[in-house]
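Just below is one structure, and these are the notes that go with it.
Residue numbers (my numbering): 3 to 252.
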């Protein structure tokens, strides 16, 4: 008798389980993850603004190898700065000052991680913005120009969504970087309503810097003259030269 009752109990439980699963369907497999925002939610004007802000946020990092100030790979390599202290303090910087940087140097990976993370954020914002139907065309132009400025600053040249092994790092990309910065100059206004956003003058300053680094001082000179004569920040502060040249390196 007990055996029969157990079998009935198991059959009833099994039927109930099947009915429950059948009524649920597959919907429970497609729930959005908690604590994250999916791309469909971001494909709006407000969502694009969040993604553009996220790209700007890459500039706020202050690691020695990952910063727009570029102290390790700019100031030290260029001779404007020295590590100082004693040989045992940040010894990896000693090899950098001697131009004998090894592949195991942590500042190399820090630098490249920062660059490609910034580029990925820019490219994702471009991708989503292209599908944001509620976004005004003029605003798309400005935000696209801001993203072009940031990508030029990160020294990257293409909008790609996948890691393509066929894209080689075997050519000079100055032309691509200058193409991005020219797009920024063409699309940015002289002044932006928020002081933290880049404007046309910031883009012109970046172009002049890129040209000087490239060695094209003649092309950079008229841009710098224009900046000194007419350039201003979003807060209305005019550009100018430092009264004390030492402040350029302190």
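Glycine included, every Cβ here is placed at the ideal spot set by N, Cα and C.
Nothing here was measured: the structure is a model prediction, and the numbers come from that model.
Pick helix, strand or coil for residue 215, following the three-state DSSP scheme.
-> Helix, per DSSP.
Continuous alpha helix (DSSP H) assignments of at least 4 residues falling wholly in the region 45-110 | 47-59, 93-99
According to the Cβ coordinates, are residue 183 and residue 41 closer than 8 Å?
-> no
Do residue 186 and residue 205 have their C-beta atoms closer together than 8 Å?
-> Yes, Cβ-Cβ distance for residue 186 and residue 205 is below 8 Å.
Ends of the alpha helix (DSSP H) at residue 237?
-> Residue 237 -> no alpha helix (DSSP H), and no H or E assigned at all.
Relative to the C-alpha of residue 66, which residue among 95, 51, 201 is closest?
-> Residue 66 has its Cα closest to that of 95, out of 95, 51, 201.
Comparing alpha-carbon positions, which option in 157, 62, 103, 46 lies nearest residue 212?
-> 157
For residue 118, which of helix, strand or coil comes out of DSSP?
-> In the structure shown, residue 118 sits in a helix (DSSP, three-state: H, G or I).
Check whether the Cβ atoms of residue 54 and residue 154 lie closer than 8 Å to each other.
-> Going by C-beta atoms, residue 54 is not nearer than 8 Å to residue 154.
Rounded to whole angstroms, what's the CA-CA distance from residue 20 to residue 31? Just pull it up for me.
-> Residue placement at residue 20 is poorly supported in this model, since its pLDDT is 49, which falls under 50; the coordinates are not used for a value here.
Using a Cβ-Cβ cut-off of 6 Å (strictly less than) and excluding sequence neighbours within five positions of residue 234, which residues of its own chain qualify?
-> 240
With C-beta atoms as the reference, is residue 256 less than 8 Å away from residue 57?
-> Residue 256 is absent from the structure shown; the chain starts at 3 and stops at 252.
Would the region 135-146 and the region 77-92 be scored as touching if the rule is three or more Cβ pairs under 8 Å?
-> no
Status (buried if at least 16 other CB within 10 Å, exposed otherwise) for residue 198 = exposed
What is the rounded straight-line gap between the Cα of residue 208 and the Cα of residue 116?
-> In this model, residue 208 and residue 116 are separated by some 19 Å (Cα to Cα).
If you run the structure through DSSP and keep just helix, strand and coil, what is residue 156?
-> coil
For residue 196, which of helix, strand or coil comes out of DSSP?
-> coil
Under 6 Å Cβ to Cβ from residue 109, same chain only, skipping five residues before and after it: list those, please.
-> 67, 74
In the DSSP assignment, find the alpha helix (DSSP H) that holds residue 186 and state where it starts and stops.
-> 176-189
When you compare only the Cα positions, how much space is there between residue 111 and residue 135?
-> 38 Å
Among 132, 88, 202, which one has its Cα closest to the Cα of residue 44?
-> 132
Candidates 172, 85, 179: closest to residue 152 by CA position = 179
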